[in-house]
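Quick note, the sequences are listed as chains A and B, same order.
All the letters of the first sequence, read from the start, carry residue numbers 13 to 329 under the numbering used here.
All the letters of the second sequence, read from the start, carry residue numbers 107 to 723 under the numbering used here.
Cβ coordinates follow ideal geometry from the N, Cα and C atoms, glycine included.
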Amino acid sequence: MWAYIIRRVVYNIPVFLAIVLLVMVLLRQQDPVPGLLGKNATQKEYDSKRKELGLDRPLMVQYVSLLNQIVRFDFKQEMWTQPGMTVGEQLRKAIPPSLSLTLPALVLTSLVSISIGLFSAFARGRWLDKALVFFAVLGMSVSFLVYIIFGQYLGSYQLGQLAGRPIFAIHGYEPGLEHWAYYLLLPVLISVVVSMGYDTRFYRAVMVEETGRDYITTARSKGASTAKIMFVHMLRNAMIPIITRIMITLPFLVTGSILLETFFGIPGMGNVLLTAILNSDFPVVEVFASIFSGMFIVSIIATDILYAVFDPRVRLQ
Amino acid sequence: MPRYSRKTDQRPSPWESLVAYTTLRALVAVVGLAFLVGCDRATATGSGKVAHLSMATAGPNTLDPVQGSTQYDNRASIMVYQTLLHYEYLKRPVTLSPLLLTQLPTISEDGKVYRFELKRNVFFHDDPCFPDGKGRELVAADVFYSLKRMADESNLPKGWWLLKDSIEGFDAYYEQQNDADEFDYDMPVAGMKVMDDHHFEVHLTEPFYRFSYVLAMFQTAVVPREAVEFYGKKFARHPVGTGPFRFKRWDTGIQIVYEKNPNYWEEYYPEDPGLEEDGSEPYPGYLKDKKLGFYEDAGKRLPLLDRVELEFFVQSQPKWLKFRNRELDYTTVPAENFEEAYVKRTAQVRQAFSDEGIRSHPEPLLDLIYYGFNMEDRDFGGYDDTHKWIRQAISLAIDWDERNEAFYNDLCLIYDGPIPAGLDGHPDAHALPHAYRGADLPRARQLLAKAGYPGGKGLPKLVFFTSRGGRNAEMAEMSKRHLARIGVRVDIRLVDFATLSDALRNRRAPFFALAWGSDYPDAENNLQLFYGPYKSPSSNSFNYDQPEYNAMYERIRVMSPSPERTRLYEQMRDMVVEDAPMIGSMGRTRYYLIHKHLKNFKPTEAFFNWPKYLNVN
Chain A
13 MWAYIIRRVV YNIPVFLAIV LLVMVLLRQQ DPVPGLLGKN ATQKEYDSKR
63 KELGLDRPLM VQYVSLLNQI VRFDFKQEMW TQPGMTVGEQ LRKAIPPSLS
113 LTLPALVLTS LVSISIGLFS AFARGRWLDK ALVFFAVLGM SVSFLVYIIF
163 GQYLGSYQLG QLAGRPIFAI HGYEPGLEHW AYYLLLPVLI SVVVSMGYDT
213 RFYRAVMVEE TGRDYITTAR SKGASTAKIM FVHMLRNAMI PIITRIMITL
263 PFLVTGSILL ETFFGIPGMG NVLLTAILNS DFPVVEVFAS IFSGMFIVSI
313 IATDILYAVF DPRVRLQ
Chain B
107 MPRYSRKTDQ RPSPWESLVA YTTLRALVAV VGLAFLVGCD RATATGSGKV
157 AHLSMATAGP NTLDPVQGST QYDNRASIMV YQTLLHYEYL KRPVTLSPLL
207 LTQLPTISED GKVYRFELKR NVFFHDDPCF PDGKGRELVA ADVFYSLKRM
257 ADESNLPKGW WLLKDSIEGF DAYYEQQNDA DEFDYDMPVA GMKVMDDHHF
307 EVHLTEPFYR FSYVLAMFQT AVVPREAVEF YGKKFARHPV GTGPFRFKRW
357 DTGIQIVYEK NPNYWEEYYP EDPGLEEDGS EPYPGYLKDK KLGFYEDAGK
407 RLPLLDRVEL EFFVQSQPKW LKFRNRELDY TTVPAENFEE AYVKRTAQVR
457 QAFSDEGIRS HPEPLLDLIY YGFNMEDRDF GGYDDTHKWI RQAISLAIDW
507 DERNEAFYND LCLIYDGPIP AGLDGHPDAH ALPHAYRGAD LPRARQLLAK
557 AGYPGGKGLP KLVFFTSRGG RNAEMAEMSK RHLARIGVRV DIRLVDFATL
607 SDALRNRRAP FFALAWGSDY PDAENNLQLF YGPYKSPSSN SFNYDQPEYN
657 AMYERIRVMS PSPERTRLYE QMRDMVVEDA PMIGSMGRTR YYLIHKHLKN
707 FKPTEAFFNW PKYLNVN
């Protein structure tokens with residue numbers, strides 16, 4: 013297995029390097045300096061700023077410099093738009109709020125969607141299945157933004173008005189488990205509702221495929237209970253697509269959710285990344301893109317390893 | 107790639123049989139519990155008087171005055187820092203008055219020498235940067251140290267242009283020190299003279315009138331050297347000033363919290379001036395201020411609040427809902443909520459809001475929204491009659507009223523020329539008889555034909571740069587439709603602001619849409635936008651360069667307010683209207699809604715140090 017892992021890591025190094033280079037090239041399609049300098053800047057100030065930011069160096073020199081930072085995990089470079097704050101500090105501050113939002117959302121969505129998918133597949137063709145599919149399609153058809161706007165209005169504002177005290181925060185964030193429900197439960201629930209449509213349909217399709225397999229017929233003929241067939245036999249055999257879907261989602265947990273974070277005032281990575289892109293804060297975007305692509309590659313390799321862990325028929329060679 | 111091989115005798119492990127069901131039940135229980143915890147969370151805000159203010163951004167970029175440039179940087183840092191001069195809070199039109207000074211600076215006869223006297227017993231905030239953590243007294247050397255920081259490029263200053271070419275020897279100092287290995291703050295500057303700890307002089311190269319306004323701008327606020335050296339680069343996030351509030355914490359992306367400075371020097375709420383002897387108001391709006399209770403706290407020691415929480419909002423809905431939920435003390439009204447709060451036809455606040463005790467305050471901004479031409483563009487620039495007629499025709503085709511109605515609820519002020527309402531040089535009744543204000547299509551078509559392009563035939567496409575965001579795409583489409591009516595074809599380039607700035611800097615944008623908010627209440631600040639030596643990459647994005655205009659600008663910038671200066675402003679304004687490097691203008695009015703528990707709030711966007719006057723019931 014170790015040989016397999018090392019081989020996959022080596023194969024993916026050029027991919028990683030290419031992604032970082034691509035991000036750098038794309039960012040440099042526009043000159044960030046005029047925006048950073050503000051009004052009335054002179055040519056001298058412009059030149060001086062370019063030099064200070066290292067943008068006067070050839071692209072490959074900047075590229076090597078960035079790789080050097082990444083390899084050494086040196087994220088002490090100061091942000092261009094937030095003097096006094098390093099990229100590392102910003103990431104350390106922004107990733108926990110994002111994870112507080114996305115991790116519970118992923119766990120909850122996966123559990124609920126897999127369960128609904130199981131029931132729906134088992135009741136295939138009956139009214140329960142049709143109703144579940146109907147609601148899943150309905151859920152997918154409504155924009156994320158609509159869920160957020162109405163969710164915030166009804167859940168944070170109207171519910172608070174009815175109760176005579178705040179139930180969920182309209183906007184804001186405080187770290188700590190004791191504040192989690194007040195600030196984050198509503199955004200998590202909105203996220204779950206939005207994702208459930210897509211996930212339920214996916215997991216239902218996976219389970220439906222499993223219900224037609226011979227081992228289900230065998231289990232029935234042997235007198236296994238419905239619960240045992242669903243939660244033991246079917247779930248186990250459907251683990252490969254479930255793992256794939258969840259593992260591919262994992263790197264996105266740190267990116268947070270731009271819409272949820274901006275509407276609910278959660279200072280997570282979605283917010284930070286959006287601001288960094290809009291303000292041409294290259295160091296933040298580059299470091300984050302590097303970390304994200306690294307995590308994505310790792311998650312793909314980890315997925316393959318997990319296949320072997322969960323399905324003994326799989327051999328890593 | 108993983109390789110699959112089949113194994114037959116698989117037995118389910120015990121955890122697999124329970125995983126989904128049990129975990130789901132456990133999670134439901136946890137979420138339920140968390141919900142209860144959430145429900146029980148009180149809206150604790152601590153003791154004392156607390157104001158909950160808001161800012162429509164993800165937060166300021168910096169709290170270091172010299173690095174700041176935006177309104178957000180200004181609002182966040184001026185809570186902590188103070189300038190030598192400031193504007194009187196209630197008086198309108200805004201008037202300069204001393205803040206850290208005992209009186210306004212005395213100015214020599216030739217207008218070049220400013221003499222200052224600092225107030226005594228003004229102390230910096232207690233902070234670990236000082237010996238024993240006790241803030242020391244403000245002295246004259248601090249003022250010059252702070253001004254010198256604006257020249258030090260390593261501080262990433264945004265306001266050097268405010269002092270450039272102004273103070274004797276300062277430009278040479280700037281060049282010399284920035285070229286040196288280390289910036290020497292102790293090196294003297296000829297035009298900066300310290301007489302003693304509380305007296306100092308500034309010698310200007312010319313009698314620049316705007317210098318007084320510069321001394322009220324937040325970039326020139328006074329900072330202690332100890333704090334800058336103690337915190338280094340982190341100084342941008344650890345402000346230490348002399349202001350009424352101390353910085354408590356900055357929760358990035360959420361809020362900044364300030365607390366009352368217990369050692370704040372003796373500053374008092376403005377006294378009630380009373381009516382003049384002839385029964386007239388001492389300033390316009392005095393009686394209204396009196397009626398609104400703005401003088402109830404007259405003579406009280408500032409600040410009146412114990413804490414200020416400044417929360418950041420990227421989206422307008424949560425800000426609006428928080429205001430409606432009384433979690434914010436005031437709000438500006440988002441366009442999408444305007445009709446919920448106001449009767450559009452009359453712009454009066456709705457009864458339901460009045461019944462809640464919510465007060466409305468419309469505040470006209472020193473605002474210039476315009477379209478601009480690059481005067482160096484081959485097809486649309488130039489000073490000859492043909493190109494002038496083309497620009498005038500385009501100006502006549504733009505329908506500002508439709509734009510105002512469609513995008514601003516018809517609440518903006520349309521006016522001719524580059525000088526906003528309320529400033530010397532603004533046209534009477536906001537209009538000039540000789541202006542090229544649209545929509546006047548017959549005249550526009552006539553001028554286009556006169557220029558040799560009847561019905562726009564043969565005229566190259568007009569490349570129009572505008573920034574993304576807001577409703578700019580729709581506005582650009584509207585402009586395209588307006589111009590199509592006279593046969594002018596438009597190629598819209600919807601770009602992000604950085605690209606727009608780059609295009610302007612490199613003189614690549616033939617036609618563009620921009621806005622300018624005045625840095626200080628003097629039309630000179632708007633008229634400098636057309637001064638030849640300030641062509642791109644500096645502030646003159648039009649690259650307008652008329653020797654006659656330049657000569658007039660050089661005269662007005664050293665003149666005090668006078669009828670003669672106003673006449674020159676008008677001449678310059680008329681030149682700009684006639685040459686048409688810009689099409690405009692429009693100025694917004696910001697609508698504020700204020701809860702009754704917030705006292706003494708008289709909104710303004712000319713200055714931002716007003717939280718010290720606020721009070722809450």
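Excluding five sequence neighbours on each side, which residues of the same chain lie with their C-beta closer than 7 Å to the C-beta of ILE160 (chain A)? ILE202, LEU271, LEU272 and PHE275
Measuring straight from C-alpha to C-alpha, what distance separates ILE362 (chain B) and VAL297 (chain A)? 25 Å
Contiguous alpha helix (DSSP H) assignments of at least 4 residues, all confined to the segment 291-372 of chain B: 317-320 and 331-337
According to DSSP, which residues form a beta bridge with ALA619 (chain B)? B:TYR477
Please name the residues in the segment 19-46 of chain A whose beta-carbon is closer than 7 Å to at least one beta-carbon of chain B, in chain order. GLN42, ASP43, PRO44 and PRO46
TYR227 (chain A) - containing alpha helix (DSSP H), residue span: 226-233
Taking buried to mean at least 16 other C-beta atoms within 10 Å of its own C-beta, is THR238 (chain A) buried or exposed? exposed
Check the Cβ of THR274 (chain A) against every Cβ in chain B and list those closer than 7 Å, keeping chain order. VAL420 and GLN421
What does a CB cutoff of less than 6 Å around ASP395 (chain B) pick up in its chain, not counting 5 residues either side in sequence? LEU196
May I ask you to report which of helix, strand or coil DSSP gives TYR374 (chain B)? strand
Quick one: which chain A residues come within Cβ less than 7 Å of ARG221 (chain B)? Under the 7 Å cutoff, chain A gives no residues; its nearest Cβ is about 28 Å from ARG221 (chain B).
Chain B partners of SER155 (chain A), CB-CB under 7 Å? Ordered by position in chain B, no residue passes the 7 Å Cβ test against SER155 (chain A), which lies about 15 Å from the chain.
Would SER292 (chain A) and GLY47 (chain A) qualify as a contact pair, given that the criterion is a beta-carbon distance under 7 Å? yes
Can you give me the Cβ contacts of GLY593 (chain B) inside the same chain, cut-off strictly under 6 Å, excluding the 5 residues immediately before and after it? GLY561 and GLY562
Beta carbon proximity, THR121 (chain A) to chain D, threshold 7 Å: Among the protein chains of the structure shown, namely A and B, there is no chain D.
With DSSP run on the structure shown, which of helix, strand or coil describes GLN634 (chain B)? helix
Cross-chain neighbours of ILE360 (chain B) in chain A, by beta carbon under 7 Å: GLY184, TYR185, GLY277 and PRO279
Got a sec: is the Cβ-Cβ distance from HIS703 (chain B) to anything in chain A below 7 Å? no
Is the Cβ of LYS88 (chain A) closer than 7 Å to any Cβ of chain B? no
Which listed residue (A:PHE146, A:LEU130, A:VAL27 and A:PRO199) has its alpha carbon closest to that of PHE156 (chain A): A:PRO199
Sufficient close CB pairs (3 or more, under 8 Å) joining the segment 240-256 of chain A to the segment 130-138 of chain A: yes
For ALA132 (chain B), name the three-state secondary structure that DSSP assigns. Residue placement at ALA132 (chain B) cannot be trusted, given a pLDDT of 46 that sits under 50; the coordinates are not used to answer.
Does the segment 297-312 of chain B come within contact of the segment 325-336 of chain B, defined as at least 3 CB pairs closer than 8 Å? no
What does ASP602 (chain B) touch in chain A if you count any residue whose Cβ is under 8 Å from its own? GLN42 and LEU290
For LEU191 (chain B) and VAL320 (chain B), the rounded distance between their alpha carbons: 9 Å
Helix, strand or coil for LEU207 (chain B), going by three-state DSSP, please let me know. strand
Which stretch, first to last residue, makes up the beta strand (DSSP E) that contains TYR220 (chain B)? 219-223
Considering only the alpha carbon of each residue, which of B:ARG696, B:PRO237, B:LYS708 and B:LYS270 lies closest to PRO440 (chain B)? B:ARG696
Taking ASN431 (chain B) and ILE278 (chain A) to be in contact with their CB atoms under 8 Å, please state how far apart those CB atoms are, rounded to whole angstroms. Actually they are not in contact, since the Cβ atoms of ASN431 (chain B) and ILE278 (chain A) sit about 18 Å apart, beyond 8 Å.
In the structure shown, what three-state DSSP assignment does ARG216 (chain A) receive? helix
Can you name the residues that DSSP bridges to THR437 (chain B)? B:LEU699
Rounded to the nearest angstrom, what separates GLY176 (chain A) and LYS234 (chain A) at their Cα positions? 57 Å
Taking buried to mean at least 16 other C-beta atoms within 10 Å of its own C-beta, is ARG407 (chain B) buried or exposed? exposed
Rounded to a whole number of angstroms, what is the C-alpha to C-alpha distance between ASP505 (chain B) and GLU511 (chain B)? 10 Å
Would you say GLN81 (chain A) reaches chain B, if we count a Cβ-Cβ gap shorter than 7 Å as a contact? no
So what does MET692 (chain B) bridge to, in DSSP terms? B:ILE475 and B:ILE520
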